[in-house]
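Read through the structure below, which is laid out as structure tokens, and then see the notes.
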Amino acid sequence: MKWSLITAVFVLLSACGDGVKVEHIEAFAMETSEENEEGIYERTGYLKSNSISIIVEGKNFIKSEIKSIEDFYDKDGNYMKTEIKHSKGGITQITEVENGNTLKKELLEPSTILIPDENIVHVQRYELSDDEKKQLKEHVLSFMKKL
């Protein structure tokens, strides 16, 4: 029994070793919609997002982590609310168990940066310089302390 437990722990630790890590730092805006009574999605407004996404993929696992600030606006461009989120998730192929959690907090003032004030239709992604990516990353991480 003892050797079985040691072997199982060793296999799990081996599966969760180093993997390939990819980090995306983004500023984007996209329209929001809700389903109406007829089942048709109608545009309700748009959101602006600053986010850091990290994906780590190993031989037997995938882990993801997303830290974001999202400002929500109605279709007339009036500010509604801000949500800050920190989501983590992952799956291992050995146990085939998914896990994850999300911390979320609502704020009442616009908090995204580096996105122009314009009414968004569909999706708009903004190209960031290296300095802007660094600035955005520091900005998002500073908001994670509020969770």
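For our numbering, add 3 to where a residue sits in the sequence shown, where the first one is 1. The beta carbon of each residue, even a glycine, is placed where N, CA and C say it ideally should be. Note that the structure is predicted; figures quoted are calculated from it, not measured.
- Using the Cα positions of Glu40 and Arg46, report the straight-line distance between them to the nearest angstrom. Rounded to the nearest whole angstrom, the CA to CA distance from Glu40 to Arg46 is 14 Å.
- Message: If contacts are defined as beta-carbon pairs under 8 Å, then Ser54 and Ile69 qualify, I think. What distance do you get, rounded to the angstrom?
- Response: Right, the Cβ-Cβ distance comes to about 6 Å (below 8 Å), so this counts as a contact.
- Task: Please classify Gln96: does DSSP put it in a helix, a strand, or coil?
- Result: Correct three-state label for Gln96: coil.
- Ile57 and Val143 look like a contact to me (Cβ under 8 Å); what is the Cβ gap, rounded to whole Å? Actually they do not touch by this definition, with Cβ atoms about 12 Å apart.
- Close Cβ partners of Leu15 (< 6 Å) along its chain, the five nearest in sequence each way excluded: Note that Leu15 scores 43 on pLDDT, short of 50, meaning its location in the model is unreliable and no value can be drawn from it.
- Own chain, CB closer than 6 Å to Glu101, minus 5 neighbours either side, in chain order: Ile94.
- Task: Compute the distance between the beta-carbons of His89 and Leu150, then report whether it is under 8 Å.
- Result: Note that the C-beta distance between His89 and Leu150 is below 8 Å.
- Query: In three-state terms, what does DSSP make of Lys148?
  - Reply: Reduced to three states, the DSSP call for Lys148 is coil.
- Query: Applying the criterion that 16 or more other CB atoms from any shown protein chain within 10 Å of the CB defines a buried residue, is Gly48 buried or exposed?
  - Reply: Classification of Gly48: buried, given that the 10 Å Cβ count is 16 or more.
- Any idea what DSSP makes of Lys84, helix, strand or coil? Three-state result, Lys84: strand.
- Query: How would you label Leu106, buried or exposed, when you count the other beta carbons within 10 angstroms and need 16 or more for buried?
  - Reply: Exposed is the call here.
- Item | Endpoints, the beta strand (DSSP E) within which Leu110 is located | Segment 101–110, the beta strand (DSSP E) holding Leu110.
- Item | Cut-off 7 Å between Cβ atoms - residues of its own chain near Ser114, not counting five sequence neighbours on either side | These residues qualify, in order along the chain: Ile72, Asp74, Thr85, Phe146.
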